[in-house]
Each structure stands twice: as C-alpha cells, then as structure tokens.
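K.L.:
Quick note: the sequence shown uses the UniProt record's numbering, first residue 1, plus one each step. There's a structure below that I have some questions on.
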Amino acid sequence: MLKIEGLTAEIDGKQILKGINLEVPTGEIHAIMGPNGSGKSTLSYVLSGREGYEITGGSATFNGVDILAMEPEERAAAGLFLAFQYPVELPGVGNANFLRTALNSIRKAKGEPEVDAMAFLKLARAKLKTLQMSDDMLKRNVNVGFSGGEKKRNEVLQMALLEPSLAILDETDSGLDIDALKIVSEGVNAMRGPNFSALVITHYQRLLDYITPDRVHVLMGGRIVKSGGPELALELEAEGYAKVAA
Ligand code: ADP
Ligand code: MG
Ligand code: MG
1 MLKIEGLTAE IDGKQILKGI NLEVPTGEIH AIMGPNGSGK STLSYVLSGR EGYEITGGSA
61 TFNGVDILAM EPEERAAAGL FLAFQYPVEL PGVGNANFLR TALNSIRKAK GEPEVDAMAF
121 LKLARAKLKT LQMSDDMLKR NVNVGFSGGE KKRNEVLQMA LLEPSLAILD ETDSGLDIDA
181 LKIVSEGVNA MRGPNFSALV ITHYQRLLDY ITPDRVHVLM GGRIVKSGGP ELALELEAEG
241 YAKVAA
C-alpha cells in the first residue's frame, strides 16, 4: 500500500504541502479533490520525484519501501505509474519505440527479459483492442499533434502496458471534455483488481461519475482536511469546498 505520513514540501522556499497523511491500501482507488492551488499537483510531483521540490519532513512509502529516496526510474520499476496534467510531446520519437523502451526499462529492473519489436507490437495491439482503441497512434511521434483525447488515450495505453501496482493520475482542471474523462475512467476501471491501486487527483466531481472511488480525500491549503466515502464527492459538488471542509 501507499502510506504518506506528515509529508511537508516546499518549492522556491514556499511551503506547499503542510503535513499530508494518507493511506491507499492495495486494491483500492482513492480520489483527491480540492480547489485550485491547494497542492494537488505538488503532491503528485513530489511522489514522482520531479526536480525543484524540497521535501522538508515526513515520509512516503510504497509496500514499506521509501519512495522519496528513489530516482524516478526506480519508482517506475517499483510499480509506480505517474501521469500528468500536461503530457510531453517528443518530435522524432516514434510512439511504439517510446512505449517499448518504457516497458523494457521496467522489465530490465525486475530482471525480466526485454520484449523485442515484434513481440511488443503484438502486446500493444492486444491492449489497444481491449481498450477499444485504434493502433494508428503507435505509428505517430509521441503526443505530437495528438488531440487532448488522444493524449489521454496514449496515457491509458501506457498504463495498461506497464501494468503498475499503483497509478497516480493528476487530471487537468480545465479543458478535459467528457470523452476524455471517459477514456481515463475506463482505463482505470479496466485495471481495477486486488493488485492495483490508484490515486486519482481531480478538481472536478465529474470524473468520479465514471470511477467510483473507495475513498475521497479533500486537500486544502496543503493538508487533507476531510476524508470520506464516494458520497463526499457529491457533497462537495453540491455544497462547495469551503462549506464541506468547515
Ligand atoms: P493544484 O494542483 O491543487 O491546483 P498546485 O500544486 O499546482 O495546486 O499549486 C499549489 C500552490 O503552489 C499554489 O499556490 C501555487 O501558486 C504554488 N506554486 C506552484 N509552483 C510554484 C513555484 N514554482 N513557486 C512558488 N509557488 C508555486
Ligand atoms: Mg491547478
Ligand atoms: Mg493541479
């Protein structure tokens, strides 16, 4: 499970996370909701090991292992998958090669044999089929000219291929249309199982119309101020953050 205790972090000398406590047991999907600027993205960046964030206190472990001490690649090898608000575009890098390289670096770290181009295509096509996606996107450059929905599809494909044990998904606060929400939701729902857990970070309750979380946590001012069941998301939608957190 993911266990975060008393986590504090700052950027450019400004404290953003002010003592996060959170447990996501294996097999569960949890949502983090909160108003803009509450520290949601900061939490996902800190967990992913992005540069520029200083961890000033507390801990984050995954199955008992300190993830904050790991390099980002080590986190991926340990079964973490982190998807971000703004997917990077890589001109000149073929998507199939990119995805295969990501898969092979994880397999290598686990001591498993690498997958060759032919075997990868077979695997990727099978995943695309279960996700009801076209295999066109394998031939294109990574995210270049992809629509918002295609970027989301690519992210979901990547998650399905890498088969993480914990996915942390930071969903954009704006511009994510209903179709894109459905793509992400179906991707996460397809992964649900006893060995998979997810932390879905979102500004909007809408996403939770498609993914039913086991728990909902409200992040405000760098702290989790309230936790509850799926009904908490509905309450937030109806009453707003200020009232629910009061
Ligand atoms: P959310 O994802 O919940 O909208 P963020 O984690 O993006 O919130 O931001 C949390 C707070 O951190 C905001 O007040 C934001 O202005 C501040 N912040 C983000 N990046 C920086 C930075 N580089 N320097 C100073 N403050 C920052
Ligand atoms: Mg924001
Ligand atoms: Mg954010």
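Backbone N, C-alpha and C fix where the C-beta goes; we use that ideal spot for every residue, glycine too. Bear in mind that the values here come from a model prediction, so they are computed numbers and not experimental data.
Alpha carbon to alpha carbon, what distance is there between leucine 162 and phenylalanine 146?
P.N.:
Those two C-alpha atoms are separated by around 21 Å.
K.L.:
Between alanine 160 and lysine 127, which are expected to be in contact by the criterion C-beta below 8 Å, what is the C-beta distance as a whole number of angstroms?
P.N.:
That belief holds up - the Cβ atoms of alanine 160 and lysine 127 are roughly 5 Å apart, short of 8 Å.
K.L.:
Does the separation of the CB atoms of alanine 190 and isoleucine 29 fall below 8 Å?
P.N.:
No.
K.L.:
Would residue 270 pass as a contact of asparagine 21 if the rule is Cβ separation under 8 Å?
P.N.:
Residue numbering for the chain in the displayed model covers 1 to 246; residue 270 lies beyond these limits and cannot be assessed.
K.L.:
So is the beta-carbon of aspartate 136 under 7 Å away from any non-hydrogen atom of ligand 4?
P.N.:
Looking for ligand 4 in the displayed structure turns up nothing; the ligands present are ligand 1, ligand 2 and ligand 3.
K.L.:
What is the DSSP secondary structure of glutamate 23, reduced to helix, strand or coil?
P.N.:
Of the three classes helix, strand and coil, the one that applies to glutamate 23 here is strand, per DSSP.
K.L.:
Is the segment 217–227 close to the segment 31–48, with three or more CB pairs under 8 Å?
P.N.:
These segments touch.
K.L.:
Taking the straight line between their C-alpha atoms, what separation do you get for glycine 148 and serine 38?
P.N.:
Computed Cα separation, rounded: 24 Å.
K.L.:
From arginine 75 to serine 48, what distance separates their C-alpha atoms?
P.N.:
Each residue's Cα considered, the two are about 7 Å apart.
K.L.:
Below 7 Å CB to CB, which residues in the same chain sit around lysine 152 once its five sequence neighbours on both sides are set aside?
P.N.:
Correct list, in chain order: Ala180, Ile183 and Val184.
K.L.:
Is the CB-CB distance between threonine 56 and lysine 3 below 8 Å?
P.N.:
Not in contact: threonine 56 and lysine 3 (Cβ atoms no closer than 8 Å).
K.L.:
Enumerate in chain order the residues of its own chain whose CB-to-CB distance from valine 225 is below 8 Å, with the five nearest sequence positions on each side excluded.
P.N.:
Once the five neighbours on either side are set aside, the close Cβ partners of valine 225 are Val218, Leu219 and Ala245.
K.L.:
Shorter than 7 Å, the distance from the beta carbon of serine 48 to the closest heavy atom of ligand 3, or not?
P.N.:
No, ligand 3 has no heavy atom inside 7 Å of this Cβ.
K.L.:
Alpha carbon to alpha carbon, how far is arginine 100 from phenylalanine 196? Give it in angstroms, no decimals.
P.N.:
Near 21 Å, if we compare the C-alpha coordinates of arginine 100 and phenylalanine 196.
K.L.:
How about lysine 14: is its Cβ closer than 7 Å to a heavy atom in ligand 3?
P.N.:
Checking every heavy atom of ligand 3 against the Cβ of lysine 14, none is found closer than 7 Å.
K.L.:
Is aspartate 179 near ligand 3, with its Cβ less than 7 Å from a heavy atom?
P.N.:
Checking every heavy atom of ligand 3 against the Cβ of aspartate 179, none is found closer than 7 Å.
K.L.:
If you run the structure through DSSP and keep just helix, strand and coil, what is alanine 78?
P.N.:
Reduced to three states, the DSSP call for alanine 78 is coil.
K.L.:
Taking DSSP as the reference, what is the three-state secondary structure of valine 142?
P.N.:
Valine 142 falls in the strand class under three-state DSSP.
K.L.:
At a cut-off of 7 Å, is asparagine 36 close to ligand 1 when judged by its beta-carbon and the heavy atoms of the ligand?
P.N.:
Indeed, a heavy atom of ligand 1 lies less than 7 Å from the Cβ.
K.L.:
In the DSSP assignment, what are the bridge partners of alanine 31?
P.N.:
Alanine 31 is bridged to Val200 and Val216.
K.L.:
Compute the beta-carbon to beta-carbon distance between asparagine 95 and arginine 125, rounded to the nearest angstrom, for a pair I have assumed lies under 8 Å.
P.N.:
Going by Cβ atoms, the distance from asparagine 95 to arginine 125 rounds to 13 Å, so no, they are not a contact pair.
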